Amino acid sequence: EEKWDFVLVSDIHEMGSEKEIKRKKFLDELSKKGFTIKKIEDTKLFYGVRAPQQVFWKYQRLLEKPDKKLQNEHSPQDIPVTTRIRIVHFILHNTVTPDLEKLNDLMKKKVFEAAFPLHEKEAVREFLKEKWARWRGLFNEQPIEKIRCYFGEKVALYFAWLGWYTYLLGFAALAGVLTFVAGITLFSSSQVSREICEANTTIMCPLCDKKCPYWVLSDTCTYAKVTHMIDNEATVLFAIFMALWATVFLELWKRQRATVVTNWDLYGWDEEEEELAMELINNLQHEPRKYQHSYLRSTIVLLLVLLMITVLIGIAHALVIYRVIARALFAQSSLALLREQADIVAVTTGAVLHYITIVIMTKINRRVALFLCNLEKPRTFSQRESNFTMKIFTFQFFTNFSSLIYIAFFLGRINGRPGHYVRIAGRWRLEECHPSGCITDLFIQMAIIMLLKQTISNVMEYLIPWISHKLRKKHKRPQKRSIILGAEEEAEDPCKRQWLSNYELNEVNVFSLFNEFLEMIIQYSFTTIFVAAFPLAPLLAFLNNLFEIHLDAIKMVRLHRRMVPRKTNDIGIWLQVLEAIGILAVIGNGLVIAITSDFIPMQVYKYMYSPCAGENHTDVDCSTGYINHSLSVFRIRDFEPDMGMPEMLPNFDRDEVTKCRYRDYRHADDYTYTMQFWHIFAARLAFLIIFEHVALCVKLIAAWYIPDVPQKVKNELLCRKHTDLHKELSTMEYSTEV
Numbered sequence: 076e077e078k079w080d081f082v083l084v085s086d087i088h089e090m091g092s093e094k095e096i097k098r099k100k101f102l103d104e105l106s107k108k109g110f111t112i113k114k115i116e117d118t119k120l121f122y123g124v125r126a127p128q129q130v131f132w133k134y135q136r137l138l139e140k141p142d143k144k145l146q147n148e149h150s151p152q153d154i155p156v157t158t159r160i161r162i163v164h165f166i167l168h169n170t171v172t173p174d175l176e177k178l179n180d181l182m183k184k185k186v187f188e189a190a191f192p193l194h195e196k197e198a199v200r201e202f203l204k205e206k207w208a209r210w211r212g213l214f215n216e217q218p219i220e221k222i223r224c225y226f227g228e229k230v231a232l233y234f235a236w237l238g239w240y241t242y243l244l245g246f247a248a249l250a251g252v253l254t255f256v257a258g259i260t261l262f263s264s265s266q267v268s269r270e271i272c273e274a275n276t277t278i279m280c281p282l283c284d285k286k287c288p289y290w291v292l293s294d295t296c297t298y299a300k301v302t303h304m305i306d307n308e309a310t311v312l313f314a315i316f317m318a319l320w321a322t323v324f325l326e327l328w329k330r331q332r333a334t335v336v337t338n339w340d341l342y343g344w345d346e347e348e349e350e351l352a353m354e355l356i357n358n359l360q361h362e363p364r365k366y367q368h369s370y371l372r373s374t375i376v377l378l379l380v381l382l383m384i385t386v387l388i389g390i391a392h393a394l395v396i397y398r399v400i401a402r403a404l405f406a407q408s409s410l411a412l413l414r415e416q417a418d419i420v421a422v423t424t425g426a427v428l429h430y431i432t433i434v435i436m437t438k439i440n441r442r443v444a445l446f447l448c449n450l451e452k453p454r455t456f457s458q459r460e461s462n463f464t465m466k467i468f469t470f471q472f473f474t475n476f477s478s479l480i481y482i483a484f485f486l487g488r489i490n491g492r493p494g495h496y497v498r499i500a501g502r503w504r505l506e507e508c509h510p511s512g513c514i515t516d517l518f519i520q521m522a523i524i525m526l527l528k529q530t531i532s533n534v535m536e537y538l539i540p541w542i543s544h545k546l547r548k549k550h551k552r553p554q555k556r557s558i559i560l561g562a563e564e565e566a567e568d569p570c571k572r573q574w575l576s577n578y579e580l581n582e583v584n585v586f587s588l589f590n591e592f593l594e595m596i597i598q599y600s601f602t603t604i605f606v607a608a609f610p611l612a613p614l615l616a617f618l619n620n621l622f623e624i625h626l627d628a629i630k631m632v633r634l635h636r637r638m639v640p641r642k643t644n645d646i647g648i649w650l651q652v653l654e655a656i657g658i659l660a661v662i663g664n665g666l667v668i669a670i671t672s673d674f675i676p677m678q679v680y681k682y683m684y685s686p687c688a689g690e691n692h693t694d695v696d697c698s699t700g701y702i703n704h705s706l707s708v709f710r711i712r713d714f715e716p717d718m719g720m721p722e723m724l725p726n727f728d729r730d731e732v733t734k735c736r737y738r739d740y741r742h743a744d745d746y747t748y749t750m751q752f753w754h755i756f757a758a759r760l761a762f763l764i765i766f767e768h769v770a771l772c773v774k775l776i777a778a779w780y781i782p783d784v785p786q787k788v789k790n791e792l793l794c795r796k797h798t799d800l801h802k803e804l805s806t807m808e809y810s811t812e813v
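Just so you know, the sequence shown maps onto residues 76 to 813 in the working numbering.
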């Protein structure tokens with residue numbers, strides 16, 4: 076069976092047309108370089124391309140070690156298929172026609188429709204199809220070596236990283252489940268929840284203007300129990316554990332990566348040297364493109380990035396405005412259920428809307444990041460990929476987390492107080508935290524976004540290419556027949572069926588693997604940055620990744636055309652991104668515990684204001700009286716004139732009720748902050764500083780304690796260097812003696 080390195084696909088153009096002439100010029104240039112070209116005509120024109128053997132011999136000679144060059148001078152070794160494809164891909168995309176056009180230019184002008192390497196019926200691919208790219212192999216170990224042999228080192232390292240990440244996620248998921256179970260045990264036993272459930276005479280201020288009535292604190296009994304199921308002492312320990320876990324995960328991955336690439340003999344591989352070698356193989360007269368830096372161009376790119384970030388923050392503000400207006404409208408609804416649950420409905424619909432904006436902005440962010448990369452004019456593909464990675468991650472981070480940052484750190488803290496609310500456009504007042512805390516809002520938002528991202532997104536990620544592949548096969552037009560002599564022989568060409576079946580698969584591009592990495596990095600951010608508010612995030616991520624590994628495998632092996640294998644010895648700039656997320660996780664979780672959680676106010680109350688503060692009371696819970704202490708008093712006569720008179724609760728006389736309560740620490744006479752507010756403020760700040768310094772110190776100690784490279788790998792590299800030097804010296808001495 077004939078072996079072809081690449082297949083080019085073109086529409087059938089009229090003889091003498093501009094496109095047909097351009098296509099012929101490009102193919103002629105390939106022929107001058109010694110390429111073998113085979114043409115097959117169907118509803119499209121297919122050109123099989125095979126590079127001459129001397130191209131691969133040159134590659135081996137240029138990049139092999141000096142001693143191996145002498146060894147293989149007269150007996151070149153067989154080159155791996157992945158390397159063949161990579162070299163041919165490089166030459167195809169850097170061949171210039173007399174019109175100074177490359178393959179990408181011709182594809183933009185529709186001269187060629189597609190260019191792809193072939194999925195071949197090799198033993199490796201059949202093994203991957205049967206043992207790896209199937210749902211029944213969900214819990215099987217990944218065949219990383221075979222993935223490397225078929226898809227190249229970059230894809231193999233992605234799956235090695237994803238498998239390692241998923242393995243260690245199991246420990247984080249277990250810790251999260253234990254934290255959640257500990258919270259469930261406090262569901263009914265918490266003193267704070269009990270006080271809220273028994274507060275049937277505590278009248279709270281209306282949650283909105285005009286139609287909202289006064290309400291009794293005990294109405295939110297269930298909501299309070301759920302809040303204190305999330306917000307408890309175990310959450311603090313879990314946040315510290317996750318900060319340590321993120322560091323240990325990265326340090327252990329560095330060791331794992333060092334072991335893997337050493338086994339592949341790529342530990343000291345130089346990407347720049349390989350690219351220069353392929354440039355010279357393609358064109359001996361090639362001059363290297365020098366490193367350049369333009370401060371003007373960098374300034375323009377920086378300003379455009381800041382402008383895009385401003386737009387993304389503006390979208391987060393729009394979501395806040397939606398929540399405010401939706402809450403006001405739901406609270407005034409004629410439906411009793413909607414009116415009573417206005418806050419929950421507004422939060423839930425806001426989270427769904429946030430997910431929709433994430434889906435839309437992901438596409439826009441990609442285009443903007445690509446445009447900015449083109450402005451920078453990076454020197455190499457890897458530099459371009461690194462620049463693109465940093466920009467798209469920055470944009471995606473603000474797209475995914477701006478709304479969460481508002482809920483975690485600003486919701487209920489900038490809304491004012493009864494009688495002096497902060498309003499949007501002077502009409503709608505900003506939403507406030509529930510008396511039992513804001514952390515439940517953050518919990519709901521994260522739970523909805525993660526569930527939607529891991530269900531709808533994954534289903535679409537599989538269904539769209541599957542349906543697309545089926546439709547391409549179904550709508551393939553009948554074979555074109557000709558009455559000329561030899562038409563039947565052409566139709567029966569053994570290559571034709573293979574090329575057509577590969578063409579019917581879904582298209583891949585240089586960013587196909589990048590998309591998978593980005594999806595996992597955003598998930599890693601959700602799993603670490605606000606995990607104190609959502610302890611089940613690692614469990615959801617762990618379950619998702621079990622399917623994600625095989626979903627990606629099925630797409631690559633069965634539904635997509637073969638990726639161009641790329642050589643690498645690490646996961647690139649993604650490692651720096653992961654380290655940055657680890658630092659953000661410490662800061663984010665510290666802020667969630669210090670600001671969003673009620674952990675600090677409760678501790679201040681226990682040690683300064685509770686019944687236990689003065690003397691030891693072993694028979695009294697130190698949280699007794701906390702809720703009453705955390706609610707301020709407001710005189711009803713001080714409401715704004717245009718607010719309207721709220722409806723009075725049944726069983727309460729309007730004339731008897733002169734005050735209502737709200738969540739804050741203010742004096743009842745002039746509404747200024749009490750001393751307790753400043754005590755809590757100081758305690759929050761002190762906790763934040765101590766938590767972040769301790770967590771960062773633990774991260775640094777863990778990073779120092781766990782070496783990036785295992786001693787076994789270091790010793791193996793040492794022995795290799797010693798053996799090579801010994802062999803070279805022995806050769807020199809032998810030559811001298813002779």
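For glycine and all other residues, C-beta sits at the position ideal for the given N, C-alpha and C.
Note that the structure is predicted; figures quoted are calculated from it, not measured.
Residue span of the alpha helix (DSSP H) that contains residue 115, given as start and end: No alpha helix (DSSP H) contains residue 115, which is instead part of the beta strand (DSSP E) from 111-116.
Contact under 7 Å by Cβ, residue 165 with residue 83: no
In three-state terms, what does DSSP make of residue 490? coil
Residue from 385, 428 and 447 with nearest C-alpha to residue 372: 447
How should residue 89 be labelled, buried or exposed, when 16 other C-beta atoms within 10 angstroms of its C-beta is the threshold for buried? exposed
Could you work out which residue in 792, 505 and 495 is closest to residue 487 when comparing CA atoms only? 505
With DSSP as the reference, label residue 87 as helix, strand or coil. coil
Between residue 782 and residue 100, what straight-line distance do the alpha-carbon atoms span, to the nearest angstrom? 55 Å
Give the secondary structure of residue 637 by DSSP, where H, G and I count as helix, E and B as strand, and everything else as coil. coil
Taking its Cβ as the centre, do 16 or more other Cβ atoms sit within 10 Å of residue 207, making it buried, or is it exposed? buried
According to DSSP, simplified to helix, strand and coil, what is residue 413? helix
In angstroms, rounded to a whole number, what distance separates the CA positions of residue 177 and residue 350? 18 Å
Starting from residue 737, follow the beta strand (DSSP E) in both directions and report where the run begins and ends. 734-738
Given 8 Å, three or more beta-carbon pairs between the stretch 282-301 and the stretch 402-420: yes
Since residue 621 is in the beta strand (DSSP E), which residue starts that stretch and which ends it? Unbroken run through residue 621 is the alpha helix (DSSP H), 612-629; no beta strand (DSSP E).
Given this structure, state the Cα-to-Cα distance separating residue 391 from residue 135, to the nearest angstrom. 54 Å
Rank 637, 470, 493 and 663 by C-alpha distance to the C-alpha of residue 280 and give the top, closest one. 493
Is the distance from the Cβ of residue 401 to the Cβ of residue 421 below 7 Å? yes
What are the residues that DSSP puts in a beta bridge with residue 499? 503
Put residue 179 into one of helix, strand or coil per three-state DSSP. helix
Determine the contact status of residue 317 and residue 603, defining contact as a CB-CB distance below 7 Å. yes
Inter-residue CB distance, residue 640 and residue 157 (contact presumed, cutoff 8 Å): 4 Å
Tell me whether residue 106 is buried or exposed, calling it buried when 16 or more other Cβ atoms sit within 10 Å of its Cβ. exposed
Under the three-state DSSP convention, the category residue 709 falls into: strand
From residue 94 to residue 788, what does the alpha carbon distance come to, in whole angstroms? 54 Å
Taking 7 Å as the threshold (C-beta atoms), are residue 403 and residue 503 in contact? yes
When you compare only the Cα positions, how much space is there between residue 243 and residue 324? 7 Å
With a threshold of 7 Å on Cβ separation, who are the neighbours of residue 634 within its own chain once the five nearest residues in sequence on each side are excluded? 540, 541, 544, 580 and 581
Closest Cα partner of residue 239 within the set 330, 659 and 209: 330
Identify, in the order they occur along the chain, each residue of the same chain with its Cβ nearer than 8 Å to the Cβ of residue 91, setting aside the five sequence neighbours on each side. none
Given a cut-off of 7 Å on the beta-carbon distance, is the pair residue 628 and residue 667 in contact? no
Reducing DSSP to helix, strand and coil, say where residue 145 ends up. For residue 145, the predicted structure reports a pLDDT of 38, less than 50, and the residue's modelled location is therefore unreliable. A value from the coordinates is still provided. Correct three-state label for residue 145: helix.
Straight-line CA distance for residue 815 to residue 472? A query on residue 815 cannot be resolved here, the shown segment of the chain reaching from 76 to 813 and no further.
Leaving out the 5 sequence neighbours to the left and right, which residues in its chain are closer than 8 Å to residue 740 when beta-carbon positions are compared? 705, 707, 748, 749, 751, 752 and 755
Residues in the same chain with beta-carbon distance under 8 Å from residue 596, minus the five sequence neighbours each way, listed in chain order, please. 468, 649, 652, 653 and 656
Span separating the alpha-carbon of residue 711 from that of residue 416: 24 Å
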